[in-house]
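See structure below.
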Amino acid sequence: MEALIALAVGTLVACGVYLVLRARSFAVVLGLTLLSYAVNLFLFATGRLVVGRPPVIGQGSGLTDPLPQALVLTAIVIGFAMTAFVIMLALRARAELGNDHVDGRDSP
Amino acid sequence: MNAHLAIAPLLAPFVAGVLLLALPNLPMAVRRAFAVLAVAAQIGIAIALLAAVAGGDIFVYRLGDWPAPWGIVLVADRLAAGMVLTTTLLALFAVIYAGDGTDRRGRHFHVLFQMQLFGLAGAFLTGDLFNLFVFFEILLIASYGLLLHGGGAARTRAGLHYVVLNLLGSTVFLFAAGLLYGALGTLNLADLAAKAALVAPENLGLARAGGLLLLAVFGLKAALLPLHLWLPAAYAGTAAPVAALFAIMTKVGLYAILRVDTLVFGDAAGALAGLFDPWLLPAALATLAIATFGALSAQNLGRLAAYLVIVSAGTLLTAFSLGTAGIAAGLYYLPHGTFAVAVLFLLAEAIRWRRPAAADSLAPDADMPHYALWGGLFFVAAVAAAGLPPLSGFIGKFLILRAAPGHAWVWATLLLSALACLIALARAGSRLFFSARSADPAVHPAAEEGLLEPHSAARELAAVGGLLGVVAALTVGAGPVVAFAQAAAAQLADPAAYIAAVLGGAR
Chain C
27 MEALIALAVG TLVACGVYLV LRARSFAVVL GLTLLSYAVN LFLFATGRLV
77 VGRPPVIGQG SGLTDPLPQA LVLTAIVIGF AMTAFVIMLA LRARAELGND
127 HVDGRDSP
Chain B
517 MNAHLAIAPL LAPFVAGVLL LALPNLPMAV RRAFAVLAVA AQIGIAIALL
567 AAVAGGDIFV YRLGDWPAPW GIVLVADRLA AGMVLTTTLL ALFAVIYAGD
617 GTDRRGRHFH VLFQMQLFGL AGAFLTGDLF NLFVFFEILL IASYGLLLHG
667 GGAARTRAGL HYVVLNLLGS TVFLFAAGLL YGALGTLNLA DLAAKAALVA
717 PENLGLARAG GLLLLAVFGL KAALLPLHLW LPAAYAGTAA PVAALFAIMT
767 KVGLYAILRV DTLVFGDAAG ALAGLFDPWL LPAALATLAI ATFGALSAQN
817 LGRLAAYLVI VSAGTLLTAF SLGTAGIAAG LYYLPHGTFA VAVLFLLAEA
867 IRWRRPAAAD SLAPDADMPH YALWGGLFFV AAVAAAGLPP LSGFIGKFLI
917 LRAAPGHAWV WATLLLSALA CLIALARAGS RLFFSARSAD PAVHPAAEEG
967 LLEPHSAARE LAAVGGLLGV VAALTVGAGP VVAFAQAAAA QLADPAAYIA
1017 AVLGGAR
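Chains as they are written, first to last, in the working numbering: chain C, 27 to 134; chain B, 517 to 1023.
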């Protein structure tokens, strides 16, 4: 399972970085979204991967670390708000600069 | 009352911002007066906090009264209190200046301004790494709004770069926090410091990677060398009061570097001790050099001031990498550098209104009205920004050089950079004020667009003169301020007291 999670995070980061380096604002927004998915998945794994254990102290043996889940929740909320903002900004840049190039000019 | 003093600098701007948002129909004059009063109240709180911690106490505020490593804490020591006071002083003059029409050119300027102060105070006072991330996001999202305030193509273009870069920075911050949590099992800064020495050998690589990713993120906020390219366009393009307030934003990154470097990766951190050390001085000197070239190449006063922000960041990081004496010198130089650059941003805008054709670009134009007054103010501001005697910049740079005996590179870079900045400022001044050409009936571009309000020179003079007055006060009161900076540096050099104050209740 560790290998699978690592592969998933790595693929998401690679795709995210590739898209962020594109010159069009839509691709950049998609890239930022993929990166935030990657980091959310990564944060889940920082408490070490445990299967079938509750995130609360109680009966039974062992528990999974609840803190990363709280962190992920916060990160998701912030990431969602930031994505909404950057989409609005990209639309405004498209309207004001006349094209969707990140530098505001059409590449030849 | 004292028990809640550590959270008061956060609550005051937050409540003020929410009130301003909840009462959208207030007349602008009332909103302005309320915003100025709110910032004045925050200065009072900051002074009270500073006085309370000046004796060496460390205030720990446990939110919800949860014991430290589990709950979130706010920690006020000398450094944090000093940063909060610097921020609020700067904000007062920025918000006074903003009453000159900047706050009319879009909605919710004063709300965003208060939220920015809320995020800044939180970033300085928090004692938790993830909470630091949250406050970074608060101050960033407010700064996005402020940066874009008023609109315009150049502002939107610079704003898009700024927002995307900072979102990437936030992602890297989360990766770094996750790595440190995975390696050390905590996110409380004091607890991180206590556990850094005990890191298991198999987790050492994770912890080092996380720490260095943190350095990269803070370097992006502080505009250090490879990550500084976003700053000049963003700062030069935005409204003057916003740029002036943003003079403290790079200092947030420097503060975070200093805090994490001395607390978490300090001498007691075992295998992680001095993790940042090999990077700080080279990055600082390279930043200083490249920003100096930028200042020499600037074609208008706004861009020159933006490069001087990076010069000041490089100077401060140089100081911070020179041990306790250097940190003390840097902490004295920090408020000076912030105020001096902020004055230049405000002056750039004041000059822009008064030169019909050339605005603030370094090109000849008709004599501006009252050029002796504005020229004189520019001269004082330039003396402050270049670090010449008699103002406090000279004392700060002198202290930094004195903290670096035998560092030939530090002496050479700092002195040559100061000389080059002096040349750049002298060139700007002589182009702006001496190379007048015959009057030209050209219309002011902003007046044509209907953006130009009747200007009250009183507000501009109050803001510019007030900031210069604070610089003068820093000079006159150099003795006590340096003593405080040295005490703050000594407190940073002894992280055990910080750790004991935060974790004391739990152990």
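Note that CB positions come from ideal geometry on N, CA and C, so glycine has one too.
- Residue pairing for Val591/B: DSSP places it in a beta bridge opposite Val576/B.
- Residue burial is scored here from C-beta neighbours: Glu865/B has at least 16 other C-beta atoms within 10 angstroms and is therefore classed as buried.
- If you check each beta-carbon in the stretch 650-661 of chain B against every beta-carbon of chain C, the ones closer than 8 Å belong to Val650, Glu653, Ile657, Tyr660.
- Cβ proximity to chain B below 9 Å picks out Ile104, Gly105, Ala107, Met108, Thr109, Phe111, Val112, Leu115 from the stretch 103-115 of chain C.
- A contact between stretches requires three or more CB pairs, one per stretch, nearer than 8 Å, and the stretch 731-740 of chain B meets this requirement with the stretch 824-844 of chain B.
- Assigned with DSSP and collapsed to three states, Thr37/C falls in helix.
- Not a single C-beta of chain C is nearer than 7 Å to the C-beta of Arg621/B.
- Of the residues Leu720/B, Gln815/B, Gly572/B, Gly830/B, the one whose Cα lies closest to the Cα of Leu804/B is Gly830/B.
- Within the same chain, Cβ atoms closer than 6 Å to the Cβ of Asp91/C are found at Gly73, the five residues on either side in sequence being excluded.
- The residue from Lys913/B, Ala1017/B, Thr603/B, Gly912/B with its alpha-carbon nearest to that of Ala639/B is Thr603/B.
- Counting other Cβ atoms within 10 Å of its Cβ, Leu565/B reaches 16 or more and is therefore classed as buried.
- Ser908/B is classed as buried because its beta carbon has at least 16 other beta carbons within 10 Å across all chains shown.
- Of all residues in the stretch 74-99 of chain C, only Arg74, Leu93, Pro94, Leu97 come within less than 8 Å of chain B when Cβ atoms are compared, listed by chain position.
- Per DSSP, the beta bridge partners of Ser877/B are Asn816/B.
- Per the C-alpha coordinates, the member of Arg870/B, Ala898/B, Ala874/B, Ala875/B positioned closest to Pro885/B is Arg870/B.
- Using a Cβ-Cβ distance cut-off of 8 Å, the stretch 873-892 of chain B and the stretch 918-928 of chain B are not in contact, since fewer than three pairs of beta carbons, one from each stretch, lie closer than that value.
- At least 7 Å separates the CB of Ala40/C from every CB of chain B.
- Note that the C-beta distance between Tyr751/B and Phe762/B is below 7 Å.
- Of the residues Gly846/B, Asn816/B, Pro529/B, the one whose Cα lies closest to the Cα of Ile867/B is Asn816/B.
- Around Thr754/B, the same chain offers Leu663, Arg671 as residues with beta carbons nearer than 7 Å, after the five sequence neighbours per side are excluded.
- Among the residues of the stretch 787-807 of chain B, none has a Cβ less than 7 Å away from any Cβ of chain C.
- For His626/B, same chain residues with a beta-carbon under 7 Å away, outside a window of 5 residues either side, are Leu536, Arg547, Ala551, Asp619 in chain order.
- At a beta-carbon threshold of 7 Å, the residues of chain C lying near Thr687/B are Leu61, Ser62, Val65, ordered along the chain.
- In the same chain as Ala902/B, and ignoring 5 residues on each side of it, the C-beta atoms closer than 8 Å to its own belong to Gly909, Ala934, Cys937, Leu938, Leu941, in chain order.
- Counting only Cβ-Cβ distances below 7 Å, Thr642/B has no contacts in chain C at all, with the closest Cβ about 14 Å away.
- Residues of the stretch 669-694 of chain B with a Cβ closer than 8 Å to any Cβ of chain C, in chain order: Ala669, Thr672, Arg673, Gly675, Leu676, His677, Val679, Val680, Leu683, Leu684, Ser686, Thr687, Leu690, Phe691, Ala693, Gly694.
- Its chain contains Leu656 as the residues whose beta carbon lies nearer than 7 Å to that of Asn682/B, once the 5 sequence neighbours on both sides are disregarded; these appear in chain order.
- For the 7 Å CB-CB criterion, Ala101/C and Asn66/C form a contact.
- Within the same chain, Ala570, Gly572, Arg594 come within 8 Å of Ala1003/B by CB-CB distance, once the 5 residues on both sides are set aside.
- Remark: C-beta atoms of Tyr848/B and Val997/B approach each other more closely than 7 Å.
- Nearest C-alpha to Phe792/B among Leu801/B, Asn541/B, Ala784/B, Leu774/B: Leu774/B.
- In terms of Cα proximity to Leu705/B, the closest of Asn518/B, Val600/B, Ala841/B, Leu641/B is Leu641/B.
- Under the three-state reduction of DSSP output, Arg50/C falls in the strand class.
- The Cβ neighbour count for Met631/B, taken over all protein chains shown within 10 Å, is at least 16; the residue is labelled buried.
- Nearest Cα to His665/B within the set Ser946/B, Ile559/B, Ala841/B, Ala756/B: Ala756/B.
- DSSP, reduced to helix, strand and coil, places Asp644/B within a strand of the structure shown.
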